[in-house]
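The sequence shown stops at residue 162 when you use this note's numbering, and every number in between is there. Note that the Cβ used here is the ideal one computed from N, Cα and C, for glycine as well. None of these values were measured; they are calculated from a predicted model.
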Amino acid sequence: MAAEVTLESSSPPHEHRSISSGDTTSRASGPQHVKSTTIYYCTRHPLYKTIKPYLIDFETSSSFPKTNIIPEPHEVSIADIRGSESLFSFEESGFAVLEMQTQMKYEDFEDHSKIRSVYCAEIAACLLEYLGADEVQVFDFAVSGPKTRRDEELKFLK
Numbered sequence: 005m006a007a008e009v010t011l012e013s014s015s016p017p018h019e020h021r022s023i024s025s026g027d028t029t030s031r032a033s034g035p036q037h038v039k040s041t042t043i044y045y046c047t048r049h050p051l052y053k054t055i056k057p058y059l060i061d062f063e064t065s066s067s068f069p070k071t072n073i074i075p076e077p078h079e080v081s082i083a084d085i086r087g088s089e090s091l092f093s094f095e096e097s098g099f100a101v102l103e104m105q106t107q108m109k110y111e112d113f114e115d116h117s118k119i120r121s122v123y124c125a126e127i128a129a130c131l132l133e134y135l136g137a138d139e140v141q142v143f144d145f146a147v148s149g150p151k152t153r154r155d156e157e158l159k160f161l162k
């Protein structure tokens, strides 16, 4: 099975670069199907100078708040970059789309222990080669599906 790994910068973009003039751009020259939407970044709040932002991503019996993140909306344009992946690099765009082979089958993505033992190791190897790094540590993953627990926990952002 072939897989795509998207490598993203963790910081919100501070400089925007125009990559297309709208949704009429051909796949050979750049992204198409550009849509505007709202995404949320963590607000730069004075609280975070003394207390780190956090999100508890598991069930607890405590009344302790699951998050102290204060979301800040930003209007952005999102484009379908399929067919234009080579136009983006981590250094220039803050993300890259890499191709890699995986031993995982579609149904294997329901098995979190297999994801940790097989897929995370494959991703680490791919990133080691791409980045020329000495070490890569995959510390978390998320499996997208029709409806996840995380969707419910983060619905306050919508």
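Closest by C-alpha distance to residue i, when choosing among the options
i    : options                 : result
V142 : I127, K70 and E133      : I127
H49  : I74, F145 and I60       : I74
C46  : E114, P77, Q36 and E95  : P77
H37  : S117, G87, I55 and K70  : G87
D115 : F94, V147, I60 and L135 : V147
Collapsed DSSP secondary structure at residue i in the structure displayed
i    : result
H37  : strand
F113 : helix
P57  : coil
A100 : strand
I127 : helix
I73  : coil
E89  : helix
Same chain, Cβ closer than 8 Å to residue i, five either side skipped, listed in chain order
i   : result
V80 : S40, T41, T42 and I43
Close Cβ partners of residue i (< 7 Å) along its chain, the five nearest in sequence each way excluded
i    : result
F145 : I119 and C124
P57  : C46, N72 and I73
F113 : I119 and V147
I55  : N72
Distance, residue j Cα to residue i Cα
i    : j    : result
E89  : A83  : 11 Å
I85  : S67  : 43 Å
D138 : E96  : 22 Å
E111 : S93  : 31 Å
E63  : G149 : 19 Å
L59  : P69  : 9 Å
Y52  : D61  : 19 Å
Neighbourhood of residue i by C-beta, 6 Å cutoff - its chain only, sequence neighbours within 5 removed
i    : result
E117 : Rather than Glu, the amino acid found at residue 117 in this sequence is Ser. Once the five neighbours on either side are set aside, S117 has no close Cβ partner at all.
V140 : A128, L131 and L132
Below 8 Å, how does it come out for the stretch 121–139 and the stretch 95–110: are there three or more Cβ pairs, yes or no? The stretch 121–139 vs the stretch 95–110: in contact.
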